[in-house]
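To start, the structure itself, in structure tokens.
Numbering (the working numbering), first residue to last: 1 to 132.
Below, the structure is given as structure tokens:
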């Protein structure tokens, strides 16, 4: 249709045409309300899900950091225990060595064999055998 043809058409202005126009306008208003309500509901549900999963993510991350700290602490304790175990193993091996055991008894407990005389000199500082 051309613009000139539209100018020739006139709208009827009676009760029926006003009622139809009013119903169409009311229907359009109702449809806009429903669409707005749906939009608000969808945004609210999405926002609630976003908050829920965001909280879960933050909570999980905090728990992970706590566990990582515990693992680091346990690792340090394990390293200390291994070092102590190595020292004790070395000490056990030394105590099974008769020469070391004799040196330890002589230096630490001043043990002597029968008939043996020990002379202590002023410049003689007996070093501790266990310091090795």
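Even glycine gets a Cβ: it sits at the ideal position worked out from N, Cα and C.
Please read all numbers here as calculations on a predicted model, not as lab measurements.
Could you tell me the distance, in whole angstroms, from the CA atom of residue i to the CA atom of residue j?
i: residue 32; j: residue 22; result: 15 Å
i: residue 58; j: residue 51; result: 10 Å
i: residue 110; j: residue 82; result: 33 Å
i: residue 48; j: residue 29; result: 28 Å
i: residue 61; j: residue 101; result: 55 Å
i: residue 87; j: residue 96; result: 14 Å
i: residue 20; j: residue 10; result: 16 Å
i: residue 18; j: residue 25; result: 10 Å
What is the DSSP secondary structure of residue i, counted as helix, strand or coil?
i: residue 9; result: coil
i: residue 113; result: coil
i: residue 121; result: coil
Near residue i, which residues of its chain fall below 6 Å by C-beta distance, leaving aside the five closest residues on each side in sequence?
i: residue 129; result: Reliability fails at residue 129, whose pLDDT of 49 lies under 50, so the model's placement of it is uncertain and the value that follows must be treated cautiously. Cβ neighbours of residue 129 beyond the five flanking positions: 103, 104, 107.
i: residue 94; result: 100
i: residue 71; result: none
At which residues does the alpha helix (DSSP H) containing residue i begin and terminate?
i: residue 23; result: 15-95
For residue i, which residues from the same chain have a beta carbon less than 8 Å from its beta carbon, with the 5 sequence-adjacent residues on both sides left out?
i: residue 92; result: none
For residue i, I'd like the list of residues in its chain whose CB is within less than 7 Å of its CB, leaving aside the five on either flank, ordered along the chain.
i: residue 132; result: Residue confidence is low: residue 132 scores 48 on pLDDT, short of 50, so the model does not pin down where it sits. No coordinate-derived value is stated.
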